[in-house]
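Before any comments, here is the structure.
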Amino acid sequence: MLKIILILLSFSILTCCHSQNITDTNTTRAIYFPAPEPQSIKWLYPTYLGPETPMDPRPDELLATPINLDCPGVQIIEWRPSVQFPTTSGPSPKAIQALNEICKLVFDNFYLFAQQNSLTIKHNNQFVWYLCLMPGSAKYGGREPRNLNDHFGRFYARPPLDENVYYAGWTAHQRHKIFMKNDVLDETGEINPITLTVFAHELFHALSWYYGIFHDPEVDETLAQEFTQYLGLGV
Ligand SMILES: [Zn+2]
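Okay, structure coming up:
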């Protein structure tokens, strides 16, 4: 059972996350922080998303061909395998299928969950969100430059965690992106249920923000955890 600890750092809430400890077992926490100042970096993103930030993938980090999941508007644009586990941590039909199943599960249940919890969906525009997978935990090289726990480079604007705690996922609202660890399959090639829970958790944050449910970070974190439990995925 994962434990979520909420730390509220700012009233200016633009991102949120899901993290876990070094052993990928017992501790997760969610942290919120203001968006970093826009940088003068011009990469490939649609202008409606606003100025790019160093969190965004560089052109050389993007997939040559984005992967559209079998759920509305969710596209994988970055999926970098870990050097340590090159054959299991990158894109594969099995891993993509696992993400597809979770994405469909989320969409099949999100509206019902919202209704049952009296959450108001404020519009029905097409959901558009991007997914970036990269090395996350220690043994996957998560602290290496450009990876999910690169606190001094790509994710410098995010508060660093304790030494033994690693981010497993991070949803950047204004950038329409989920950044998460790449081990959809573990090193033996089996599906990693923790990573799938992280995906569902972050996707809830994305949907909540996109459809105007989000109003309070602590409430949203609780809802995300309740939602993954509702799906039978735990927290
Ligand atoms: Zn969260």
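The sequence shown lines up with residues 5 to 239 when you count with this note's numbering. For glycine and all other residues, C-beta sits at the position ideal for the given N, C-alpha and C. The structure displayed is predicted, hence computed values, not measured ones.
| Item | Value |
| --- | --- |
| Quick one: what's Gln101 bridged to in DSSP? | The partner list for Gln101 (beta bridge, DSSP) is empty, contrary to what the question assumes. |
| Need the endpoints of the beta strand (DSSP E) that Glu82 sits in, please. | 78 to 83 |
| Which term fits Lys185, buried or exposed, when burial requires 16 or more other beta carbons within 10 angstroms of its beta carbon? | buried |
| Based on Cα-Cα distance, which residue from Arg179, Leu200, Ile182, Phe183 lies nearest to Leu189? | Leu200 |
| So does His209 have its beta carbon nearer than 7 Å to some heavy atom of ligand 1? | yes |
| Let me make sure I understand the geometry here. Which of Asn196, Phe159, Glu105 has the alpha-carbon closest to that of Gly146? | Phe159 |
| Rounded to a whole number of angstroms, what is the C-alpha to C-alpha distance between Phe89 and Pro139? | 10 Å |
| When every heavy atom of ligand 1 is checked, does at least one fall within less than 7 Å of the C-beta of His205? | yes |
| Would Tyr115 be called buried (16 or more neighbouring beta carbons within 10 Å of its own) or exposed? | exposed |
| Roughly how many angstroms separate the alpha carbons of Leu73 and Glu56, rounded to a whole number? | 24 Å |
| At what residues does the alpha helix (DSSP H) containing Thr231 begin and finish? | In the sequence under discussion, the amino acid at residue 231 is Phe, which differs from the Thr named in the question. First-last of the alpha helix (DSSP H) with Phe231: 221 to 234. |
| Please name the residue, chosen from Arg150, Ala99, Tyr134, that lies closest to Asp64 on a Cα-to-Cα basis. | Arg150 |
| Does the beta-carbon of Glu225, which I'm using as the reference point, lie nearer than 7 Å to any heavy atom of ligand 2? | This structure lacks ligand 2; its bound ligands are ligand 1. |
| Determine the DSSP secondary structure at Ile71, reduced to helix, strand or coil. | strand |
| Kindly indicate which residue of Asp166, Cys136, Val239 has the alpha-carbon position closest to the one of Pro85. | Cys136 |
| Going by alpha carbons, who is nearest to Ile125 out of Leu67, Val202, Tyr215? | Tyr215 |
| Please report the distance separating the alpha-carbon of Leu68 from that of Gly238. | It should be pointed out that residue 68 corresponds to Ala in this sequence rather than to Leu. In a straight line, the C-alpha of Ala68 is about 34 Å away from that of Gly238. |
| Measuring only the C-alpha atoms, how far is Ser141 from Tyr171? | 8 Å |
| Use the C-beta contact count for Ser122: other C-beta atoms within 10 angstroms, 16 or more gives buried, fewer gives exposed. | exposed |
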